[in-house]
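Colleague: Please find one structure pasted underneath; my questions will follow.
Written out as structure tokens, the structure is:
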């Protein structure tokens, strides 16, 4: 929390799943030339003599340190050393789809400070960033649950890691688009049906989601989304102090995606909230539970995804 209740963001650490050798950066869209905007990613080495190459950023992009990107950047880090690349105000590029490759395992965080997904306005911004995972752990099936924002704030960002990646939405067998490696496609809030969006792709993609906490541009967030995976655990324990950021009290809400017919417990108490079917994916449903406080544990009798 940045103080005075004005800016706050969160990061979900991925544990050993964060380790990887190939990543694609994501961020908010951000109209150009916003004073105070920083799109960024950070790379942390876990072994000595780690060679890292950064590419797929438009030549001519002005970086935050005043230099210009004119081709791949190669750096060498030792264990526990980090490298941060930032772009102020999207001058030349918004950095989305940037490729980070390394010869040894690294950890990457990516997102925006003082950013927005509203292309028509620079007023009302927020913090949205997350720890991401490498290309070996992404997938080709995703379920997204809409937040409380306007159509322009509610966005799903998909980044292709391979050429000829076809994107399908809500169970359709007609691709919305076909992406080449490093290119991206964005769904806005109008793509959600009953507040959910099911995406499947012909090849694996990196998936980010931006949401609004209210209809105000001053309440936005961005996070990295895991793919559907049958080996996903049946428990998320715990979400600490769900209603607090620093010393400020918020309304605690969880969205729970699980398989149809599963029994869901919150803090060991079964929820009888009405499950909402996932459009185009009838074997999955979601619950949205509000008014939660304190430490929250979510359990399901089948695989479960919680945001």
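Numbering (the working numbering), first residue to last: 2 to 308.
Think of the CB as a built atom: it goes at the ideal place given N, C-alpha and C, for glycine as much as any other residue.
Taking only the alpha-carbon atoms, compute the straight-line gap between residue 305 and residue 226 and give it to the nearest angstrom.
Modeller: Their Cα atoms are separated by approximately 13 Å.
Colleague: Which residue's Cα is closest to the Cα of residue 36: 60, 80, 115?
Modeller: When each option's Cα is compared against that of residue 36, the closest is 115.
Colleague: Just to confirm, are residue 117 and residue 218 a CB contact at a threshold of 8 Å?
Modeller: yes
Colleague: Over the uninterrupted beta strand (DSSP E) stretch that includes residue 251, give me the two end residues.
Modeller: Looking at the DSSP string, residue 251 is not in any beta strand (DSSP E), and its letter there is neither H nor E.
Colleague: Between which residues of its own chain and residue 289 is the CB-CB distance below 6 Å, once the five residues before and five after are set aside?
Modeller: Within the same chain, Cβ atoms closer than 6 Å to the Cβ of residue 289 are found at 256, the five residues on either side in sequence being excluded.
Colleague: For residue 145, list the residues DSSP reports as bridge partners.
Modeller: 198
Colleague: Is residue 111 near residue 27, with beta carbons less than 8 Å apart?
Modeller: yes
Colleague: Comparing alpha-carbon positions, which option in 8, 282, 15, 214 lies nearest residue 151?
Modeller: Answer by Cα proximity: 214.
Colleague: Could you pull out every unbroken beta strand (DSSP E) segment of at least 3 residues lying fully inside the stretch 162-234, listed in chain order?
Modeller: Whole beta strand (DSSP E) segments, 3+ residues: 166-170, 178-180, 185-188, 197-213, 221-225.
Colleague: Check whether the stretch 156-164 touches the stretch 229-246, counting contact only when three or more Cβ pairs, one atom from each stretch, lie closer than 8 Å.
Modeller: Too few Cβ pairs lie closer than 8 Å, so no.
Colleague: With a threshold of 6 Å on Cβ separation, who are the neighbours of residue 15 within its own chain once the five nearest residues in sequence on each side are excluded?
Modeller: 132, 134
Colleague: Would you kindly work out how many angstroms separate the C-alpha atoms of residue 69 and residue 52, rounded to a whole number?
Modeller: 21 Å
Colleague: So, residue 279 versus residue 285, is the Cβ gap smaller than 8 Å?
Modeller: Taking 8 Å as the cut-off, the beta carbon of residue 279 is found closer than this to the beta carbon of residue 285.
Colleague: Are residue 83 and residue 45 touching if we call contact CB-CB under 8 Å?
Modeller: yes
Colleague: Can you name the start and end residues of the beta strand (DSSP E) that residue 126 belongs to?
Modeller: Premise fails: residue 126 is in no beta strand (DSSP E) and is neither H nor E.
Colleague: Would you mind giving the Cβ-Cβ distance between residue 153 and residue 127, rounded to the nearest angstrom? I have them listed as a contact below 8 Å.
Modeller: Contact doesn't hold; Cβ gap of about 14 Å is too wide.
Colleague: Looking at the unbroken beta strand (DSSP E) that takes in residue 104, where does it start and where does it end?
Modeller: 100-116 is the span of the beta strand (DSSP E), which, as asked, contains residue 104.
Colleague: Compute the Euclidean distance between the alpha carbons of residue 58 and residue 295, then round it to the nearest angstrom.
Modeller: Going by the C-alpha atoms only, they are around 42 Å apart.
Colleague: I want to see whether chain C comes within less than 8 Å of residue 293, judged by CB atoms only; does it?
Modeller: Absent from the structure: chain C. Only one protein chain is present.
Colleague: Just to confirm before moving on: does the CB-CB distance between residue 1 and residue 106 stay below 8 Å?
Modeller: Here the chain covers residues 2 to 308 and nothing more, so residue 1 does not appear.
Colleague: When you compare only the Cα positions, how much space is there between residue 275 and residue 101?
Modeller: 42 Å
Colleague: Which same chain residues, not among the five before or five after residue 145, have their C-beta less than 6 Å away from its C-beta?
Modeller: 157, 198, 210
Colleague: If you reduce the DSSP assignment to three classes, tell me which class residue 281 lands in.
Modeller: coil
Colleague: State buried or exposed for residue 301, treating a residue as buried only when at least 16 other CB atoms are found within 10 Å of its CB.
Modeller: buried
Colleague: DSSP has residue 24 in a bridge; who is on the other side?
Modeller: 101
Colleague: Relative to the alpha-carbon of residue 108, which residue among 194, 129, 79 has its alpha-carbon at the smallest distance?
Modeller: 79
Colleague: When you compare the CB positions of residue 12 and residue 130, do they come within less than 8 Å of one another, or not?
Modeller: Yes, Cβ-Cβ distance for residue 12 and residue 130 is below 8 Å.
Colleague: State yes or no: is the C-beta of residue 252 within less than 8 Å of the C-beta of residue 291?
Modeller: Their beta carbons are under 8 Å apart, which means residue 252 touches residue 291 by this criterion.
Colleague: Looking at residue 190: is its Cβ nearer than 8 Å to the Cβ of residue 155?
Modeller: yes
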